[in-house]
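Visitor: Residue numbers (full-length UniProt numbering): 1 to 314.
For glycine and all other residues, C-beta sits at the position ideal for the given N, C-alpha and C.
Mind looking over this structure? Questions follow.
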Amino acid sequence: MQAPATGVPVSLPVLAAYRYCEAVTGGQARNFAYGIRLLPTARRRAMSALYAFSRRVDDIGDGTLEAQEKASRLQGCRDLLERVRTGAVAEDDTDPVAVALAHAAGAFPLPLGALDELIDGVLMDVRGATYRTWEELRQYCRCVAGAIGRLSLGVFGTVPGARDADRADHYADTLGLALQLTNILRDVREDAANGRTYLPSEELARFGCADGFARGLPAPGADFAGLVRFQARRAHALFEEGFRLLPMLDRRSGACVSAMAGIYHRLLVRIARDPEAVLHGRVSLPGGEKALVAVRGLTGLHARRVAGAAGGGA
1 MQAPATGVPV SLPVLAAYRY CEAVTGGQAR NFAYGIRLLP TARRRAMSAL
51 YAFSRRVDDI GDGTLEAQEK ASRLQGCRDL LERVRTGAVA EDDTDPVAVA
101 LAHAAGAFPL PLGALDELID GVLMDVRGAT YRTWEELRQY CRCVAGAIGR
151 LSLGVFGTVP GARDADRADH YADTLGLALQ LTNILRDVRE DAANGRTYLP
201 SEELARFGCA DGFARGLPAP GADFAGLVRF QARRAHALFE EGFRLLPMLD
251 RRSGACVSAM AGIYHRLLVR IARDPEAVLH GRVSLPGGEK ALVAVRGLTG
301 LHARRVAGAA GGGA
């Protein structure tokens, strides 16, 4: 998949739709926004359209509506995708996300079926799915995050002659898994308070944490730190494999991926160093540290540090 052409013209209605999607992205996805600001304009806009659609799907899943109404609204998102696939979205459509996504799909070879997978993953949440094994959780992560990695690759493309380019989809998918598992660790208490447990039940039991964390504390005698570090090592291995994508991308696309994934990798390192911090508040990086990761992404420094520090701190 070589880097796509980006010469599709942008009319004023489409430009307005993209600006709406960029506002959504900037307001609700600070880590994501740090990365995509490194992209050329056409790619940045396309990534914003993908984010705005994904945000809509996630907000339905995370909202307070009854499960039946959530499922109905998610079907509406599938209907929107079908309109995009069939070219049925006009530039004067009243839904700016539909307009921007339709234009992006015309400019880039987006695997729109991956957005169906995202909806499938959110439906798992709506239905209260739990996961017994890592393989079961991996399938969920592949739907809600690996799919975004594959869509992003549709925007980035690969450089001509890239070695192992036939593995690019796999590496993009794997990097998405790494980000999602890091999210799960960061949000473990918040998710538990909302009645959700994502970590595999077999592994929770192995570390004495089968009762969960809704009260903000693991059960007496539980090895919560051991559980978190075990998951962090898994996530680190996923990052290490996923970063093999970077040499296949052009400099600015590689910088974008390195910045976004780098921020999450630094979060992972911080969580692994102090596992119980996730039980007391939301672990995050200050803006200056995120900016540093972005700069390192431009030079390729962060990915090299990840590759050379396997197991260290995570």
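1. How far does the alpha helix (DSSP H) with F156 in it reach, from first residue to last?
2. Which ranges does the alpha helix (DSSP H) cover as unbroken runs of at least 4 residues, wholly within the segment 108 to 149, from first to last along the chain?
3. I need the boundaries of the alpha helix (DSSP H) containing Y18, first residue and last residue.
4. From which residue to which residue does the alpha helix (DSSP H) around G176 run?
5. So, for L177: in the same chain, excluding its five sequence neighbours on each side, which residues have a beta-carbon less than 7 Å away from its beta-carbon?
6. Looking at A168 and T158, is the spacing between their C-beta atoms short of 7 Å?
7. Are I119 and R150 closer than 7 Å when you measure CB to CB?
8. Could you tell me the distance, in whole angstroms, from the CA atom of E203 to the CA atom of L38?
9. Can you tell me whether DSSP reads L246 as helix, strand or coil?
10. Quick check: is the beta carbon of L123 nearer than 7 Å to any beta carbon in chain B?
11. For a test of the three-state rule: what should DSSP assign to residue 322, helix, strand or coil?
12. Quick check: the segment 117 to 131 against the segment 61 to 72, are there 3 or more CB pairs under 8 Å?
13. Thinking C-beta only, is R55 closer than 7 Å to Y18?
14. Does DSSP classify S54 as helix, strand or coil?
15. Can you look up V99 in the DSSP assignment and give me helix, strand or coil?
16. The alpha helix (DSSP H) with S201 in it runs from where to where?
17. Between the segment 271 to 285 and the segment 222 to 233, can you find at least three pairs of beta-carbon atoms closer than 8 Å?
18. Any idea what DSSP makes of A71, helix, strand or coil?
19. Given a threshold of 16 other Cβ atoms within 10 Å of its Cβ, counted over all protein chains shown, does E117 qualify as buried or as exposed?
20. Quick one: grab the DSSP three-state call for S284.
21. Do the CB positions of G76 and L110 come within less than 7 Å of each other?
22. Rounded to a whole number of angstroms, what is the C-alpha to C-alpha distance between L80 and P218?
23. In terms of residue numbering, what span does the alpha helix (DSSP H) encompassing Y264 cover?
24. Checking 7 Å against the spacing of the C-beta atoms, do L50 and R85 come in under that value?
25. With distance defined between alpha-carbon atoms, name the residue in M47, V14, D250, T133 nearest to P200.
26. What three-state label does DSSP hand V89 in the structure shown?
27. By the three-class DSSP mapping on this structure, what secondary structure does D79 have?
28. Since Q231 contacts L267 with CB under 8 Å, what's their CB separation in whole angstroms?
29. Is the beta carbon of R242 less than 7 Å from the beta carbon of T174?
30. Which same chain residues, not among the five before or five after K70, have their C-beta less than 6 Å away from its C-beta?
31. Roughly how many angstroms lie between the CA atoms of A42 and V257, to the nearest whole one?
32. Can you look up D164 in the DSSP assignment and give me helix, strand or coil?
33. Would you say V293 and I271 are within 7 Å of each other, going by their C-beta atoms?
34. Consult DSSP for V159 and reduce its assignment to one of helix, strand or coil.
Guide: Taking the coordinates as given:
1. Along the sequence shown, read from residue 1 onward, the residue named residue 156 stands at position 156. Looking at the DSSP string, the run of the alpha helix (DSSP H) that includes F156 is 147 to 156.
2. With a minimum length of 4 residues, the continuous alpha helix (DSSP H) runs that stay inside the segment 108 to 149 are 113 to 126, 134 to 141.
3. The residue given as residue 18 occupies position 18 in the sequence shown. First-last of the alpha helix (DSSP H) with Y18: 12 to 28.
4. On the sequence shown, position 176 is the one that residue 176 refers to. Where G176 is concerned, the enclosing alpha helix (DSSP H) stretches over 168 to 186.
5. In the sequence shown, residue 177 corresponds to position 177, counting from 1. Cβ neighbours of L177 beyond the five flanking positions: R138, C141, R142, A145, G146, L238.
6. For this step, residue 158 is matched to residue 158 along the sequence shown. For this step, residue 168 is matched to residue 168 along the sequence shown. Yes, they are a contact pair.
7. As a position in the sequence shown, residue 119 is number 119, starting the count at 1. As a position in the sequence shown, residue 150 is number 150, starting the count at 1. For I119 and R150, no; Cβs fall outside 7 Å.
8. What you label residue 203 is simply residue 203 of the sequence shown in a count that begins at 1. What you label residue 38 is simply residue 38 of the sequence shown in a count that begins at 1. Rounded to whole angstroms, E203 and L38 show a C-alpha spacing of 38 Å.
9. Residue numbering aside, residue 246 sits at position 246 when the sequence shown is read from its first letter. DSSP places L246 in helix when its eight states are reduced to three.
10. Given the protein chain composition of this structure (a single chain), no chain B is represented.
11. The structure shown does not extend to residue 322, since the chain spans only 1 to 314, so no value can be given for it.
12. Judged by Cβ distances under 8 Å, the segment 117 to 131 makes contact with the segment 61 to 72, as three or more pairs qualify.
13. On the sequence shown, residue 18 is found 18 positions in, with the first residue counted as 1. On the sequence shown, residue 55 is found 55 positions in, with the first residue counted as 1. Not a contact, by the Cβ cut-off of 7 Å.
14. Mapped onto the sequence shown, residue 54 falls at position 54. DSSP places S54 in helix when its eight states are reduced to three.
15. Within the sequence shown, numbered from 1, the residue matching residue 99 stands at position 99. Three-state result, V99: helix.
16. For this step, residue 201 is matched to residue 201 along the sequence shown. Residues 201 to 206.
17. Taking 8 Å as the limit for Cβ pairs, the verdict is that the segment 271 to 285 does touch the segment 222 to 233.
18. Sequence index remark: in the sequence shown, residue 71 carries index 71 (1-based). Note: A71 maps to helix in three-state DSSP.
19. Stepping through the sequence shown from its first residue, residue 117 is reached at position 117. E117 is buried by the Cβ-count criterion.
20. Within the sequence shown, residue 284 is the residue found at index 284, counting from 1. In this structure, DSSP gives S284 a state outside helix and strand, which the three-state scheme calls coil.
21. Here residue 76 refers to the residue found at position 76 when the sequence shown is read from its first residue. Here residue 110 refers to the residue found at position 110 when the sequence shown is read from its first residue. Their beta carbons are not under 7 Å apart, which means G76 does not touch L110 by this criterion.
22. Stepping through the sequence shown from its first residue, residue 80 is reached at position 80. Stepping through the sequence shown from its first residue, residue 218 is reached at position 218. Going from the Cα of L80 to the Cα of P218 covers about 43 Å.
23. Residue numbering aside, residue 264 sits at position 264 when the sequence shown is read from its first letter. 251 to 273 is the span of the alpha helix (DSSP H), which, as asked, contains Y264.
24. As a first step, residue 50 is located in the sequence shown; it is residue number 50 there, counting from the start. As a first step, residue 85 is located in the sequence shown; it is residue number 85 there, counting from the start. No, the Cβ-Cβ distance between L50 and R85 is not below 7 Å.
25. As a first step, residue 200 is located in the sequence shown; it is residue number 200 there, counting from the start. When only C-alpha atoms are compared, the closest one is T133.
26. In the sequence shown, residue 89 corresponds to position 89, counting from 1. DSSP places V89 in the coil class of the three-state scheme, outside both helix and strand.
27. What you label residue 79 is simply residue 79 of the sequence shown in a count that begins at 1. Three-state DSSP puts D79 in a helix.
28. For this step, residue 231 is matched to residue 231 along the sequence shown. For this step, residue 267 is matched to residue 267 along the sequence shown. Not a contact, Cβ separation roughly 13 Å.
29. Within the sequence shown, numbered from 1, the residue matching residue 242 stands at position 242. Within the sequence shown, numbered from 1, the residue matching residue 174 stands at position 174. First, the residue type needs correcting, since residue 242 is Gly and not Arg in the sequence shown. Using a Cβ distance threshold of 7 Å, G242 and T174 count as a contacting pair.
30. The sequence position of residue 70 within the sequence shown is 70, counting from 1. Excluding sequence neighbours, K70 sits near I60, V126.
31. Taking the first residue of the sequence shown as position 1, residue 42 is located at position 42. Taking the first residue of the sequence shown as position 1, residue 257 is located at position 257. Between A42 and V257, the C-alpha separation is close to 16 Å.
32. For the purposes of this step, residue 164 is taken as residue 164 along the sequence shown, with counting starting at 1. Correct three-state label for D164: coil.
33. To locate residue 293, count along the sequence shown from 1; it is residue 293. To locate residue 271, count along the sequence shown from 1; it is residue 271. No, the Cβ-Cβ distance between V293 and I271 is not below 7 Å.
34. By one-based count along the sequence shown, residue 159 stands at place 159. In the structure shown, the three-state DSSP call for V159 is coil.
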